[in-house]
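Each residue of the sequence shown is one higher than the one before, counting from 167 in the numbering used here. A virtual CB, placed ideally from N, CA and C, is assigned to each residue, including glycine. To keep things clear, I will list the structure first and then write my remarks on it.
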Amino acid sequence: MPAPLQSLRQYLKVVDAVLEVADARLPVSSRYPDLEKLIGFRARVVVLTRADLADPAATACWLEKLRAGGTRAVAMNARTGSGDRLLYQYLKAIAKAKREARARRGLGEAPLRVMALGIPNVGKSSVLNRLAGRGAARTGNRPGITRGPQWIRIKDNLELLDTPGVLWPRWREPRTALWLGALGCAPEESVPVVGIACLVGEFLLREAPGTLAARYGIQEQGDATDILAAIGRARGFLLPGGVVDQEKTARALVNDFREGRLGRFTLERP
Numbered sequence: 167m168p169a170p171l172q173s174l175r176q177y178l179k180v181v182d183a184v185l186e187v188a189d190a191r192l193p194v195s196s197r198y199p200d201l202e203k204l205i206g207f208r209a210r211v212v213v214l215t216r217a218d219l220a221d222p223a224a225t226a227c228w229l230e231k232l233r234a235g236g237t238r239a240v241a242m243n244a245r246t247g248s249g250d251r252l253l254y255q256y257l258k259a260i261a262k263a264k265r266e267a268r269a270r271r272g273l274g275e276a277p278l279r280v281m282a283l284g285i286p287n288v289g290k291s292s293v294l295n296r297l298a299g300r301g302a303a304r305t306g307n308r309p310g311i312t313r314g315p316q317w318i319r320i321k322d323n324l325e326l327l328d329t330p331g332v333l334w335p336r337w338r339e340p341r342t343a344l345w346l347g348a349l350g351c352a353p354e355e356s357v358p359v360v361g362i363a364c365l366v367g368e369f370l371l372r373e374a375p376g377t378l379a380a381r382y383g384i385q386e387q388g389d390a391t392d393i394l395a396a397i398g399r400a401r402g403f404l405l406p407g408g409v410v411d412q413e414k415t416a417r418a419l420v421n422d423f424r425e426g427r428l429g430r431f432t433l434e435r436p
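Next comes the structure, spelled out in structure tokens:
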């Protein structure tokens, strides 16, 4: 277990529940492996963010699978608030269970304290801001926005702890690292953007033929490297001598994919 994740143990001692935030497009690889061992007996809610960018049918299947296994799960679009109500219902149910448990021990009421966990740039702070109804947690489209743990007090006797995103050791496995990079969840300097773009190109050629042709006005011929070169020429991303600027082209493709301009896709299936 990485040292930063180990440090979260001290905060688990003072919270009642955990919000495990993951990207709906990558619902396995954007979650911590073996998190249940870390959180122990505490209640957990899995929040799948950016549901508006994922395949809705796949998201529904993932929610069904998680719930069938006894896990509270909700899909959210932090920009529109979709999923807010169900998340509140889950938290209220957990708070009620805490009140009843304290009453049985002859103790008075205490706020429900919840910790948000997730890898970098997975949307934790945006989820917390939806709950808080204000910009209490900093947000941004790059890893590392949350620099340190911060408590956020919101209504209904609820306190939320936002924590910095942490990647687990195995995230550097090549394919996992590239997909995390495609979603903006891995440090840019750690994952080659051309490699990410080639993986995205391969995925779209296989899963959504015609998408690249429609977006960039190219012929979908050859492999991902050929496609990248065709996009570069179509967009005029050329270096002196007419050579395609691979990195600039790759960034354009990855950004289009990341922002949903190429469609709604889920990269891992139940």
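From the options, residue whose alpha carbon lies closest to that of residue i
| i | options | result |
| --- | --- | --- |
| Leu-428 | Pro-406, Lys-414, Val-366 | Val-366 |
| Val-357 | Gly-408, Glu-413, Arg-401, Trp-317 | Glu-413 |
| Arg-424 | Val-409, Val-181, Leu-192 | Leu-192 |
| Arg-296 | Gly-274, Asn-243, Leu-405 | Asn-243 |
| Leu-257 | Ser-248, Ala-379, Leu-326 | Leu-326 |
| Gln-255 | Asp-200, Arg-268, Leu-324, Ala-282 | Leu-324 |
| Arg-372 | Asp-422, Ala-217, Ile-393 | Ile-393 |
| Ser-248 | Arg-216, Arg-197, Ser-196, Gly-426 | Arg-216 |
| Trp-228 | Arg-251, Ile-205, Val-194 | Val-194 |
| Arg-319 | Val-280, Leu-344, Arg-341 | Val-280 |
| Leu-253 | Thr-237, Ile-205, Arg-268 | Thr-237 |
| Phe-207 | Lys-321, Asn-421, Val-181 | Val-181 |
| Trp-345 | Val-420, Leu-219, Ala-261 | Val-420 |
| Ser-196 | Gln-385, Asp-218, Thr-342, Leu-204 | Thr-342 |
Simplified DSSP assignment, three categories, for residue i
| i | result |
| --- | --- |
| Thr-432 | coil |
| Leu-214 | strand |
| Leu-283 | strand |
| Gln-412 | helix |
| Glu-266 | helix |
| Ala-224 | helix |
| Glu-368 | helix |
| Leu-257 | helix |
| Glu-386 | coil |
| Asn-421 | helix |
| Asp-200 | coil |
| Leu-174 | coil |
| Leu-404 | strand |
| Lys-179 | coil |
With 16 other Cβ atoms within 10 Å as the buried cut-off, status of residue i
| i | result |
| --- | --- |
| Trp-317 | exposed |
| Gly-310 | Its pLDDT being 44, under 50, Gly-310 is placed unreliably in this model, and the value from its coordinates should be taken loosely. It counts as exposed. |
| Thr-148 | With the chain represented from 167 up to 436, any question about residue 148 goes unanswered, as that position is not in the structure. |
| Gly-235 | exposed |
| Ser-173 | exposed |
| Pro-330 | buried |
| Lys-290 | buried |
| Ala-226 | exposed |
| Lys-264 | buried |
| Leu-189 | The sequence given here places Asp at residue 189; Leu does not occur at that position. Asp-189 comes out buried. |
| Arg-435 | exposed |
| Leu-349 | buried |
| Asp-328 | buried |
| Gly-347 | buried |
| Val-212 | buried |
Residue i CB to nearest heavy atom of the ligand ADP below 7 Å
| i | result |
| --- | --- |
| Ala-390 | With respect to small molecules bound, the structure shown includes none, and the ligand ADP cannot be examined in it. |
Proximity test, Cβ basis, 8 Å: residue i and chain C
| i | result |
| --- | --- |
| Asp-250 | Among the chains of the structure shown, chain C does not appear; only one protein chain is present. |
Under 8 Å between C-beta atoms of residue i and residue j
| i | j | result |
| --- | --- | --- |
| Ile-285 | Val-332 | yes |
| Cys-351 | Val-288 | yes |
| Gly-383 | Ala-400 | yes |
| Ala-241 | Leu-214 | yes |
| Thr-432 | Asp-221 | yes |
| Ala-416 | Ala-363 | yes |
| Val-409 | Phe-403 | no |
| Asp-187 | Ala-282 | According to the sequence shown, residue 187 is Val rather than Asp. Result yes, Cβ atoms of Val-187 and Ala-282 sit closer than 8 Å. |
| Ala-239 | Arg-233 | yes |
Per DSSP, the bridge partner or partners of residue i
| i | result |
| --- | --- |
| Val-184 | Arg-210, Met-281 |
| Glu-325 | Arg-279, Arg-319 |
| Arg-238 | Val-211 |
| Ser-248 | Asn-243 |
| Asp-392 | Its beta-bridge partners do not exist; DSSP assigns none. |
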